[in-house]
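Data first, discussion second: the structure below is written as structure tokens.
In the numbering used here, the protein residues as written are 204 to 489.
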């Protein structure tokens with residue numbers, strides 16, 4: 204039961220994060236991500252020290268394969284964060300939710316394309332229905348939902364590459380952020396006017412919200428790690444839909460983002476696709 208509660212906590216925090224990012228609406232999205240990377244490292248390193256994982260962390264720097272993979276996954280993660288935060292600050296929270304709903308199905312597509320995995324009837328149907336749902340969403344929006352596709356494909360590629368690494372989650376994330384931290388620091392050294400910065404009021408509250416980006420990144424990951432140790436992956440997989448549901452409800456009900464009938468029909472098809480995907484997973488586990 205405790206594992207399920209940890210899982211619910213992790214995905215609930217992820218689902219509510221748009222509210223946090225909105226507190227930084229006066230700041231350039233790229234600047235927010237640069238701060239998130241740096242504060243993430245500053246938050247993670249003490250945690251690794253507390254868990255006596257620093258020796259393992261420093262050992263990773265001697266492995267060129269780990270460094271290469273960390274640089275690639277770090278860049279993908281930063282790209283995913285940038286799309287997500289930019290979309291949130293530009294009132295596209297509902298569209299981002301669509302991206303995270305279809306994420307498991309993107310994994311299926313990557314598995315078929317890159318690993319030559321075979322689809323059963325349920326998964327094939329789920330992918331087809333999801334594709335129709337995304338097409339309908341494009342009609343409803345009047346354009347292709349690039350934010351949804353961007354967060355889905357960037358995170359799917361990130362997860363696909365991470366499957367090849369052997370490090371624990373926190374050490375791997377620390378390596379990823381450490382590898383791209385020099386780029387983040389260099390970006391923040393550029394004069395604000397040159398990078399199109401909207402500096403905000405410069406108040407201590409703004410600085411406080413920026414400093415919390417590291418904690419906002421790490422907290423749900425700690426909950427997730429605790430859940431993964433206590434419950435099976437199929438249960439954890441079913442809980443993952445809490446996050447996009449939270450994002451969807453936050454965008455629609457809290458921020459009053461418009462949602463027309465065509466978009467509702469699209470989400471209906473996406474939810475049907477998720478149901479078929481879940482049934483396929485349950486049949487395989489049985």
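Each residue gets a CB set at the ideal place from its N, CA and C atoms; glycine is no exception.
Predicted, not measured: the structure shown is a model, and the values here were computed from it.
Restricting attention to 425, 263 and 224, the CA atom closest to the CA of residue 289 is found in 224. The residue from 297, 277, 215 and 245 with its alpha-carbon nearest to that of residue 463 is 297. Contact between residue 279 and residue 220 does not hold, since their C-beta atoms are separated by about 19 Å, which reaches or exceeds 8 Å. When the beta-carbon positions are compared, residue 339 and residue 475 stay at least 8 Å from each other. DSSP, reduced to helix, strand and coil, places residue 275 within a helical segment of the structure shown. By the beta-carbon neighbour count (other beta carbons within 10 angstroms, threshold 16), residue 389 is exposed. At the C-beta level, residue 286 and residue 346 stay beyond 8 Å of one another. The Cβ atoms of residue 421 and residue 210 do not sit closer than 8 Å to each other. If you check the CB distance, residue 434 and residue 282 do not come in under 8 Å. Contact between residue 309 and residue 355 holds, since their C-beta atoms are separated by about 5 Å, short of 8 Å. The Cβ atoms of residue 250 and residue 384 do not sit closer than 8 Å to each other.
A distance below 7 Å between beta-carbons, with the five flanking residues on each side excluded, links residue 212 to the following residues of its chain, in chain order: 426. In this structure, the straight-line span from the alpha carbon of residue 423 to that of residue 412 is close to 17 Å.
Taking the C-beta atoms as reference points, residue 483 is found nearer than 8 Å to residue 325.
Residue 433: member of the alpha helix (DSSP H) spanning 416-433, first to last residue. Excluding five sequence positions before and after residue 215, the CB atoms of its chain that fall closer than 7 Å to its own CB belong to 445 and 449, given in chain order. Excluding sequence positions up to five before and after residue 480, its CB lies within less than 8 Å of the CB of 307, 308, 311, 325, 326 and 329, all in the same chain and listed in chain order. Listed in chain order, the non-local C-beta contacts of residue 447 below 6 Å within the same chain comprise 300, 303 and 304, local neighbours out to five positions each way being set aside. By the neighbour-count criterion, in which a residue is buried when 16 or more other Cβ atoms sit within 10 angstroms of its Cβ, residue 466 is buried. Residues 221, 225, 294 and 296 of the same chain have their beta carbon placed closer than 8 Å to that of residue 458, with the five preceding and five following residues left out of the count.
In the DSSP assignment, residue 228 falls outside any alpha helix (DSSP H) and carries neither an H nor an E. Secondary structure at residue 322: coil, using DSSP grouped into helix, strand and coil. In this structure, the CA atom of residue 392 is about 49 Å from the CA atom of residue 322.
As summarised for the segment 333-381, the continuous alpha helix (DSSP H) elements at least 4 residues long and confined to that stretch are 349-365, given in chain order. Put simply, the backbone Cα of residue 415 is about 16 Å away from that of residue 233.
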